[in-house]
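Counting in full-length UniProt numbering, the sequence shown tops out at residue 465, every number present.
Shown next, in structure tokens, is the structure this report addresses.
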Amino acid sequence: MAIKEATESKKSDVVEEVKGCRSEKGSGRCRWPDDERRSSSSSTASGVGSYAKAFSFWARLTFLVSVITVLVASLYSLRPKDERSWFLGLPNDLRSHYSRGRLIKAQITPEGPPVEVFAIERGPKGGETVLLLHGLGCSSYSFREVLQSLGALGLRAVAIDLPGAGFSDKLVSRRGWGWPGALVWARELYSDIKVKGLFWGFDQLIETGHIAYEGNRIRVPDKKIDEESPFESETLSRIVAQVIDSLELVPVHLVLHDSALAVGAHWVTGNPGAVSSVTLVDTSSESAAFPSWIVGVPLLGELFLRSRFVFSGLLKLCCSRSMDAAAAEAHLHLLNRNNGRNAVVEAGRVLNFSFSVGDWGASEALAAVPLQVLWSNTWSDRWIDEGRRIADAVPQAKFFHHFGGRWPQEGASAEIAEKIAEFVSPLPKSNQRTLEEPLSGRSLDHHQDHVAFPDPYGFGHGWGI
Numbered sequence: 001m002a003i004k005e006a007t008e009s010k011k012s013d014v015v016e017e018v019k020g021c022r023s024e025k026g027s028g029r030c031r032w033p034d035d036e037r038r039s040s041s042s043s044t045a046s047g048v049g050s051y052a053k054a055f056s057f058w059a060r061l062t063f064l065v066s067v068i069t070v071l072v073a074s075l076y077s078l079r080p081k082d083e084r085s086w087f088l089g090l091p092n093d094l095r096s097h098y099s100r101g102r103l104i105k106a107q108i109t110p111e112g113p114p115v116e117v118f119a120i121e122r123g124p125k126g127g128e129t130v131l132l133l134h135g136l137g138c139s140s141y142s143f144r145e146v147l148q149s150l151g152a153l154g155l156r157a158v159a160i161d162l163p164g165a166g167f168s169d170k171l172v173s174r175r176g177w178g179w180p181g182a183l184v185w186a187r188e189l190y191s192d193i194k195v196k197g198l199f200w201g202f203d204q205l206i207e208t209g210h211i212a213y214e215g216n217r218i219r220v221p222d223k224k225i226d227e228e229s230p231f232e233s234e235t236l237s238r239i240v241a242q243v244i245d246s247l248e249l250v251p252v253h254l255v256l257h258d259s260a261l262a263v264g265a266h267w268v269t270g271n272p273g274a275v276s277s278v279t280l281v282d283t284s285s286e287s288a289a290f291p292s293w294i295v296g297v298p299l300l301g302e303l304f305l306r307s308r309f310v311f312s313g314l315l316k317l318c319c320s321r322s323m324d325a326a327a328a329e330a331h332l333h334l335l336n337r338n339n340g341r342n343a344v345v346e347a348g349r350v351l352n353f354s355f356s357v358g359d360w361g362a363s364e365a366l367a368a369v370p371l372q373v374l375w376s377n378t379w380s381d382r383w384i385d386e387g388r389r390i391a392d393a394v395p396q397a398k399f400f401h402h403f404g405g406r407w408p409q410e411g412a413s414a415e416i417a418e419k420i421a422e423f424v425s426p427l428p429k430s431n432q433r434t435l436e437e438p439l440s441g442r443s444l445d446h447h448q449d450h451v452a453f454p455d456p457y458g459f460g461h462g463w464g465i
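Structure below.
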């Protein structure tokens, strides 16, 4: 009996196999071989899924941290910069250019505040005077090598920064320019953060629950200007006239580049007999080389004005294929100064595309004035055709091609300077005014011409050379 019970107990402890199904003692579950394989596969898949989830988590976390880092860095770049800090960040070449120039006070309106216009000159005081006026988007800095070459050839070469460009005051009219709808709010808020700093917005949000915004506010930048845009050609011509009087440049050989055509033409028309000759350098009444509108587009404008590489590419595409990286960076610095962006956008908006070169060329003011046209023959077929149109409009002008772009002073400066000197030198000598005292010694009040060396950054004259 005992043997029988032991045998039965032993049998119950052994795994029973019935038709492929195995069950163990105490288990009410039948376990098939296929179940074991599926269980093993499920465990493996579960492990792979865990790794995939972990990878997805860390990938998302890394992406989020990267986005936050870029956002913080971008907002940090919006911190307000004073003039001194901005100036210390300039390339040496640009600081040297500034140190060689001077600031001249002029009046846009008799009752309005004076504005400061930057002027630079090279060459002997007794030489024939050549005044160079730049086009949209550039400044006297673009003529730096032309000035040097003309000075070496014995000419008194002068270039100025028109208001809104270079080191001159950046002016925008009261009406300004803007974008409809929500873009207005975004642009105003962005400007507030740039001026007051990022944490101003946070403080406003914490204290009041929202960021203060005056929807009906009119922004007036550096100078208060009347409703008339300071970039109208007639207005700029009045500024040019005051600078010419301050520096005692009359009679002058006038060089007009790009969009400066209408500005110079207004001054010539209003000052008969004050011009010894006129040279047009890739000037057109239909378009300017620099696409000012593009820097006024929200976000897209920030991209062009924050990236040296992108801005350099824009200048090479639209202005000069010979533009080197250092020169492009200098132009970018000047455009980012104060209200430079708003100024260039408004200046482009008010360009007088209805100006007739033919009518001006046939006017009495130019009847006895020698005229030459310098034009690029390498830029594009369309631009070459535009040059032929200009040549036909002023048949009395001498016409020459050059190998530069639409900003030929960048990349073809020696050629441009040579053409100007060859044109000016054979002409009858002008009766230049004799200066009784050096310009740096003059300091006149607001009712008079004012000439002084620039010192708004506290460095005096002679640093950065």
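Ideal placement from N, C-alpha and C gives every residue a C-beta, glycine not left out.
Going by C-alpha distance, which of Leu171, Ala265, Lys125, Ile420 is nearest Ala343?
-> Selected option, being the one with the closest Cα: Leu171.
For Val275, does the count of other Cβ atoms within 10 angstroms reach 16, so buried, or fall short, so exposed?
-> The residue in question, Val275, is buried, as its Cβ has 16 or more Cβ neighbours within 10 Å.
Of the residues Phe63, Ala417, Ala391, the one placed nearest residue 491, counting alpha carbons only = This structure cannot settle anything about residue 491, because the visible part of the chain is limited to 1 through 465.
Taking DSSP as the reference, what is the three-state secondary structure of Gly123?
-> DSSP places Gly123 in coil when its eight states are reduced to three.
Ignore the nearest five residues each way along the sequence and tell me which others in Leu256's own chain have a CB closer than 6 Å to its CB.
-> Cβ-Cβ distances below 6 Å link Leu256 to Leu133, Gly264, Leu280, Thr283 in the same chain, with the five nearest sequence neighbours on each side left out; the list follows chain order.
Report the option in Glu232, Gly151, Pro91 whose CA atom is closest to the CA atom of Val417.
-> Contrary to the premise, residue 417 reads as Ala rather than Val in this sequence. Checking every option, the nearest Cα to that of Ala417 belongs to Gly151.
Name the one or two DSSP bridge partners that His257 has.
-> Answer is Val281, bridged to His257.
So what's Leu133 in DSSP terms, helix, strand or just coil?
-> If DSSP states are grouped into helix, strand and coil, Leu133 belongs with the strands.
Does DSSP put Val369 in a helix, a strand or coil?
-> Reduced to three states, the DSSP call for Val369 is coil.
Would you list the residues sitting across from Ala393 in a DSSP beta bridge?
-> Looking at the DSSP output, Ala393 sits in no beta bridge, so it has no partner there.
Could you check the C-alpha separation between Arg341 and Val295 for me, to the nearest Å?
-> Going from the Cα of Arg341 to the Cα of Val295 covers about 7 Å.
Taking all protein chains shown into account, do 16 or more other C-beta atoms lie within 10 angstroms of the C-beta of Ser168, making it buried, or fewer, making it exposed?
-> Ser168 comes out buried.
Assess, as a yes-or-no matter, whether the region 232-244 is touched by the region 94-112 under the definition of 3 or more beta carbon pairs within less than 8 Å.
-> Under the Cβ criterion (8 Å, minimum of three pairs), the region 94-112 counts as touching the region 232-244.
Spell out the partners DSSP gives Ser376 in its beta bridges.
-> Answer is His402, bridged to Ser376.
Mind checking whether Phe231 and Asp161 have CB atoms under 8 Å apart?
-> Annotated as distal: Phe231 and Asp161, with beta-carbon spacing of 8 Å or more.
How long is the line joining the alpha carbons of His402 and Leu374, rounded to whole angstroms?
-> The C-alpha of Leu374 is placed about 7 Å away from the C-alpha of His402.
When Phe399, Pro163, Thr129 are compared against Asn339, the one with the closest alpha-carbon = Checked all of Phe399, Pro163, Thr129; the closest Cα to Asn339 is Pro163.
Neighbour-count burial assignment, Phe63, 16 or more Cβ in a 10 Å radius = The residue is exposed, with fewer than 16 neighbouring Cβ atoms inside 10 Å.
Answer with buried or exposed for Gly154, where buried requires no fewer than 16 other C-beta atoms within 10 angstroms of its C-beta.
-> When all chains shown are included, Gly154 counts as exposed.
Since Phe311 contacts Leu332 with CB under 8 Å, what's their CB separation in whole angstroms?
-> Indeed, because the Cβ distance is near 5 Å, the residues count as touching under 8 Å.
By Cβ distance, which residues of its chain are closer than 6 Å to Val158, with the 5 residues on each side in sequence left out?
-> Excluding sequence neighbours, Val158 sits near Glu121, Leu131.
4-residue-minimum alpha helix (DSSP H) runs that sit fully inside the region 315-347, ordered along the chain | Here the runs fully enclosed are 325-335.
Evaluate Pro426 with the Cβ neighbour count: other Cβ atoms within 10 Å of its Cβ, from every protein chain shown; 16 or more gives buried, anything less gives exposed.
-> When all chains shown are included, Pro426 counts as exposed.
Tell me, which residues are paired with Pro114 by DSSP?
-> Answer by DSSP bridge pairing, in chain order: Gln107.
Of the listed residues Ser259, Glu286, Asp258, Leu254, nearest to Pro272 (C-alpha basis) = For Pro272, the closest alpha carbon among the candidates Ser259, Glu286, Asp258, Leu254 is that of Leu254.
Closest Cα partner of Arg321 within the set Gly411, Phe423, Glu116 = The shortest CA-to-CA distance from Arg321 to any of Gly411, Phe423, Glu116 is the one to Gly411.
With 16 other Cβ atoms within 10 Å as the buried cut-off, status of Ala182 | The pLDDT assigned to Ala182 is 41, lower than 50, so where the model puts this residue is not dependable, and the model offers no usable value.
So the beta strand (DSSP E) Ala159 belongs to, where does it begin and stop?
-> Residues 156-160.
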